[in-house]
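These notes are about the structure you will find just below.
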Amino acid sequence: PENETGNEPAKDEEGHDRQSGGGNPHVWLSVANYMDYVENIAAGLMAADPGNAKLYKQNLAQYTDRLKALQSKMHEQLRGIKERRIITFHEAFPYFAKEFGLEIAAVIAQEPGTETSPEEIARIIDTVRKTGCQALFAEPQYSSAVAETIARETGAKVYTLDPVVTGEYRKDAYEAAMEKNLATLLEALQ
């Protein structure tokens, strides 16, 4: 069943409802999934504070409208990109890639904070060479040293995509991060 945002409940890669646990936790990187989160938070606030339910509902409608506009803009602008394969720092972007029609060709670090082995680096270099993928995406909260090594070996360029897990607590932080991610992808993949 659809929720108030018109979205089906988010599923992980295996088709399980995201609330069931397991799977990749970065569901908010899909704007559709993020709208589900926003709706669930608003529903919780309305249940906990029914006296202000009207205000929460108004805020939900306004924010959802902004998110739908962001989502539409991202779909429209990413539709025309030539290269759809990307190499990401870690497994943060499958929901994002699925929503926006991108293919994750390789992942640099399986888990943040773990060292990428020489064999893994060689495998990624081979993937870059075989696929012609020229964009490597690091993340702002981690070192880009391995990505830079791969770039030196292949001629690829390193860009930064934000998984929206750190940063300033501003009311527009999500939108700003996703707008920046959009600009980065457009620069990297045109």
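Quick note: the sequence shown uses the numbering used here, first residue -13, plus one each step. Cβ coordinates follow ideal geometry from the N, Cα and C atoms, glycine included. Remember, it's a predicted structure, so these values are computed and weren't measured experimentally.
- Using a 10 angstroms sphere on the CB of H76, the tally of other CB atoms reaches 16 or more, which defines it as buried.
- Residues M32 of the same chain have their beta carbon placed closer than 6 Å to that of A39, with the five preceding and five following residues left out of the count.
- Boundaries of the beta strand (DSSP E) around T146: K143 to T146.
- In this structure, F86 and L64 form a Cβ contact; the two beta carbons are roughly 5 Å apart against a cut-off of 8 Å.
- The criterion of a C-beta distance shorter than 7 Å is satisfied by P149 and A78.
- L122: not part of any alpha helix (DSSP H); member of the beta strand (DSSP E) spanning A121 to A124, first to last residue.
- D51 and P80 have their C-alpha atoms some 24 Å from each other.
- Proximity to E165 across Q57, T113 and A133 peaks at Q57, based on C-alpha coordinates.
- When DSSP reads this structure, V93 sits in a beta bridge with T74.
- By alpha-carbon distance to L147, the top candidate from I136, I27 and S130 is S130.
- Nearest to G99 by alpha-carbon distance, out of V132, N26 and H12, is V132.
- Straight through space, the alpha carbons of I72 and I90 are spaced by roughly 5 Å.
- Membership of K157 in any alpha helix (DSSP H) is not indicated, and neither H nor E is assigned to it by DSSP.
- With a cutoff of 7 Å on beta-carbon distance, I111 and T140 are scored as near each other.
- A Cβ-Cβ distance of about 7 Å is found for the pair Y160 and Y20, placing them in contact under the 8 Å criterion.
- Residue T102 holds the alpha-carbon nearest to the alpha-carbon of E134 among K157, T102 and A162.
- Between the C-alpha atoms of Q48 and E62 there is a straight-line separation of about 21 Å.
- Scanning Q44, R115, T152 and E154 for the CA closest to the CA of A137 turns up R115.
- About 6 Å separates the Cβ atoms of L53 and V17, confirming a contact at the 8 Å cut-off.
- Of all alpha-carbon atoms in Q44, T170, A162 and E154, the one lying nearest the alpha-carbon of V144 is that of T170.
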